[in-house]
Structures are given as C-alpha cells and as structure tokens.
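**Student:** Structure provided below as structure tokens; questions to follow.
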Amino acid sequence: MTAQAKATAAWPIPVRGPQFQRADPAHVRALSELSAATASAKLRSAGIRHAFVDGPRPLTPRTETRIAGPAVTLQFMPQREDVYSGLAQETVERGTALWAVLETIQPGDVLVVQANGSSSTGCLGEMLVRYFRKRGGAGIVVDGCIRDASAVRALGVPLWCTGVTPNYASQSELFPWAYDVPIAAGGALVLPGDAIVADEDGAVVVPKALAAEVATTSLEHEEWERFSRLRIEEGGRLADYYPVSESNWDEYQSWKAAQ
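Take the sequence shown: its letters are residues -17 to 241, numbered as in our numbering.
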C-alpha cells in the first residue's frame, strides 16, 4: 500500500471545510485603503482583542506593500507515523490540502496558513507561489516558513512568514491536512471568508461581519490623522491635534470640507 493510500485509510484526506462566503468585495476595497495599525485599533474598539497574526513579517522588508482580501485557509497538522510519516517522495503532497487549496484561489484572495510557527516546514515554495499568482491571489500569510526565498521574492507576491527553510512541506514535523476550515494563525482565529489587512506592520484579521464597520470608522480615523499630521508639521501641539481636541474639531471639519 502506498503512503498516500495508508494516510487515506487512516483518515480521509485532504479534509475540506464547508462552502463559505467571502467578505463583501466593496468592504474589501474599502479595507484596502487602511493600515494594519488602524484596522487593529478599530477592531479593539469593537471588542475584538486578538486580531493580529503575531509572528509573520514581510518576506521583503522595507517595501511598501498593503493588501486586503478574503481569507482562504490552509491547515498543517503534526505528522503521525500511522497516518503519514513524511518518508515518501515529495510528490505525495500533490494529494493533500496544499495542492487542493490552490485550485480554489480566486482573484484577490489571501491565503492564510496555519503552521504553528514551525521553523523547519517549508509550507510553500516558488512553484506553488507562482501558481497562486497565476490564479490572481493578492497575498499570502504563513504562520511558519517558506522555501525558495529568493525566487519567491522575485515573483512579487506579497508574502508574510516567520522565516525560511530549505525543507519541503512535509519533510519535517508537519503535514498539509485541511483547507477551508477555521485555523489558528499567530494566536488569531481565522475563519474562511474573513478579511485580511496586511502591510509592513503585519497582518490583521477582520471578521467578515465587522468588515463594513471597521472600514467606515477606520477611514474616518485615517482622515483626521492626515489633518493632524499637517498641523503638527506646521508647529501645532501634539495635545491639540493627536487626537484632534474638541476645541479644534471645527477646524478639522472646515479643513475636511475644503478637500
């Protein structure tokens, strides 16, 4: 019996969650104007305390990149020898959630990967990221490592990860198990269809049901921050303009009306 057949006999793989609805495209477009910091702050105000995907950082630092898109999820699980040991050829991965999830990517999607911060599992490499780009994906957030770092950077796909490794996906302690399921990424719960906002500060999960609220309040926040920057550069006092004080609110409204 092949390794793939043994794994399938122990538990049907890949596991796929139920069909889901992606965050509203209009809300995603509005979120794309936001910084991750603003989205995080507004989620905190809305009662969401753990929205930051702690760990993944931009693969290409010091590059201005900002994305927003609906989350498509991929879950890695620990290997167990009676289910899958990783001793077979890398090509066995073609029958796993890793290959399957890429066939579901739609333009604008953000692939979010649970890999438990593993430093030795290369969740994605150049060829898979290349295919993701071909399908129109907006970006990738990996709570773990990737491989082929130089080639992946050259592809220009915005990507956040915790590091790099030469290993392929199932070469170490993890195995691509499920997709379109709830995952834990960097301490944050990600549900399929949630919105992801990511930039140089990292990635933030915006619950689908809160996307419109966060987009509206965040855009208002960033607008008065533009006003604050101008006044501070002109010599205004920090206490008067960050945040805009009540006594200066009329001044802000006049500035806003003139834009």
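Backbone N, C-alpha and C define an ideal beta-carbon position, used for all residues, glycine too.
Runs of 3 residues minimum, wholly inside the segment 39 to 69: which ones carry the beta strand (DSSP E) assignment?
**Tutor:** Listed in chain order, they are 49 to 60.
**Student:** When the Cα atoms are used, what is the spatial distance from residue 149 to residue 77?
**Tutor:** Reading the sequence shown from its first residue, position 167 is the one you call residue 149. Reading the sequence shown from its first residue, position 95 is the one you call residue 77. So the two alpha carbons sit approximately 18 Å from each other.
**Student:** Strictly by DSSP, which residues pair up with residue 180?
**Tutor:** Start at 1 with the first residue of the sequence shown, and residue 180 comes out as number 198. Note: residue 180 sits in a beta bridge opposite 49, 185.
**Student:** Expressed to the nearest angstrom, what Euclidean distance is found between the alpha-carbon atoms of residue 87 and residue 169?
**Tutor:** Residue numbering aside, residue 87 sits at position 105 when the sequence shown is read from its first letter. Residue numbering aside, residue 169 sits at position 187 when the sequence shown is read from its first letter. Each residue's Cα considered, the two are about 24 Å apart.
**Student:** Given this structure, state the Cα-to-Cα distance separating residue 51 from residue 191, to the nearest angstrom.
**Tutor:** Taking the sequence shown and counting its residues from 1, the one referred to as residue 51 is at position 69. Taking the sequence shown and counting its residues from 1, the one referred to as residue 191 is at position 209. If I take the Cα positions, the gap works out to 14 Å.
**Student:** Residue 154 by DSSP, collapsed to three states: which one?
**Tutor:** The sequence position of residue 154 within the sequence shown is 172, counting from 1. Here residue 154 sits in coil by DSSP.
**Student:** For the segment 153 to 172 and the segment 111 to 121, state whether three or more C-beta atom pairs, one from each stretch, are separated by less than 8 Å.
**Tutor:** No, the segment 153 to 172 does not touch the segment 111 to 121.
**Student:** Is it true that the segment 124 to 144 meets the segment 6 to 19, where meeting means three or more beta-carbon pairs spaced less than 8 Å apart?
**Tutor:** Flag = no, the segment 124 to 144 and the segment 6 to 19 do not touch.
**Student:** How close, in whole Å, do the beta carbons of residue -1 and residue 163 come, if the pair is a contact with beta carbons under 8 Å?
**Tutor:** Residue -1 sits at position 17 when you count from the first residue of the sequence shown. Residue 163 sits at position 181 when you count from the first residue of the sequence shown. That belief holds up - the Cβ atoms of residue -1 and residue 163 are roughly 4 Å apart, short of 8 Å.
**Student:** Hey, could you find the ends of the beta strand (DSSP E) residue 93 is sitting in?
**Tutor:** Here the question's residue 93 lines up with position 111 in the sequence shown. From DSSP, the beta strand (DSSP E) with residue 93 extends over 92 to 104.
**Student:** Contact between the segment 205 to 213 and the segment 221 to 232 is defined here as three or more beta-carbon pairs at a separation below 8 Å; is this criterion met?
**Tutor:** A contact exists between the segment 205 to 213 and the segment 221 to 232.
**Student:** Is the separation between the beta-carbon of residue 22 and that of residue 34 shorter than 8 Å?
**Tutor:** Position 40 of the sequence shown holds residue 22. Position 52 of the sequence shown holds residue 34. Cβ distance < 8 Å, so residue 22 and residue 34 count as in contact.
**Student:** Quick check: residue 204 and residue 20, are their CB atoms within less than 8 Å of each other?
**Tutor:** Locating residue 204 in the sequence shown gives position 222, where the first residue counts as 1. Locating residue 20 in the sequence shown gives position 38, where the first residue counts as 1. Cβ atoms of residue 204 and residue 20: closer than 8 Å.
**Student:** Would you decide whether residue 130 is buried or exposed? Buried here means 16 or more other CB atoms lie within 10 Å of its CB.
**Tutor:** The residue labelled residue 130 in the question sits at position 148 within the sequence shown. Burial call: buried.
**Student:** Please return the same chain residues whose Cβ sits closer than 7 Å to the Cβ of residue 166, not counting the five positions on each side in sequence.
**Tutor:** Position 184 of the sequence shown holds residue 166. Correct list, in chain order: 96.
**Student:** Does DSSP put residue -17 in a helix, a strand or coil?
**Tutor:** Counting from one through the sequence shown, the residue named residue -17 turns up at place 1. With a pLDDT of only 48 at residue -17, under 50, the local geometry of the prediction cannot be trusted, and the value read off the model is given with reservation. Correct three-state label for residue -17: coil.
**Student:** Nearest by alpha-carbon distance to residue 99: which of 132, 36, 84 is it?
**Tutor:** Reading the sequence shown from its first residue, position 117 is the one you call residue 99. When only C-alpha atoms are compared, the closest one is 36.
**Student:** Short of 6 Å in beta carbon distance, which residues of its chain neighbour residue 106, apart from the five on each side in sequence? Order them along the chain.
**Tutor:** Looking up residue 106 in the sequence shown gives position 124. The residues are 128.
**Student:** Could you give the DSSP three-state label for residue 173: helix, strand or coil?
**Tutor:** Reading the sequence shown from its first residue, position 191 is the one you call residue 173. Of the three classes helix, strand and coil, the one that applies to residue 173 here is coil, per DSSP.
**Student:** Select from 32, 4, -7, 26 the residue whose C-alpha is nearest the C-alpha of residue 62.
**Tutor:** Indexing the sequence shown from 1 puts residue 62 at position 80. Checking every option, the nearest Cα to that of residue 62 belongs to -7.
**Student:** Can you give me the C-alpha to C-alpha distance between residue 219 and residue 207, rounded to a whole angstrom?
**Tutor:** Translated into the one-based positions of the sequence shown, residue 219 becomes position 237. Translated into the one-based positions of the sequence shown, residue 207 becomes position 225. Going from the Cα of residue 219 to the Cα of residue 207 covers about 14 Å.
**Student:** Is the beta carbon of residue 137 sitting closer than 8 Å to the one on residue 112?
**Tutor:** In the sequence shown, the residue the question calls residue 137 occupies position 155. In the sequence shown, the residue the question calls residue 112 occupies position 130. Contact flag set, yes.
**Student:** Excluding the 5 residues preceding and the 5 following residue 32 in the sequence, name in chain order all residues of the same chain whose CB lies nearer than 8 Å to its CB.
**Tutor:** Position 50 of the sequence shown, counted from the start, is the residue given in the question as residue 32. Answer for residue 32: 169, 170, 171, listed in chain order.
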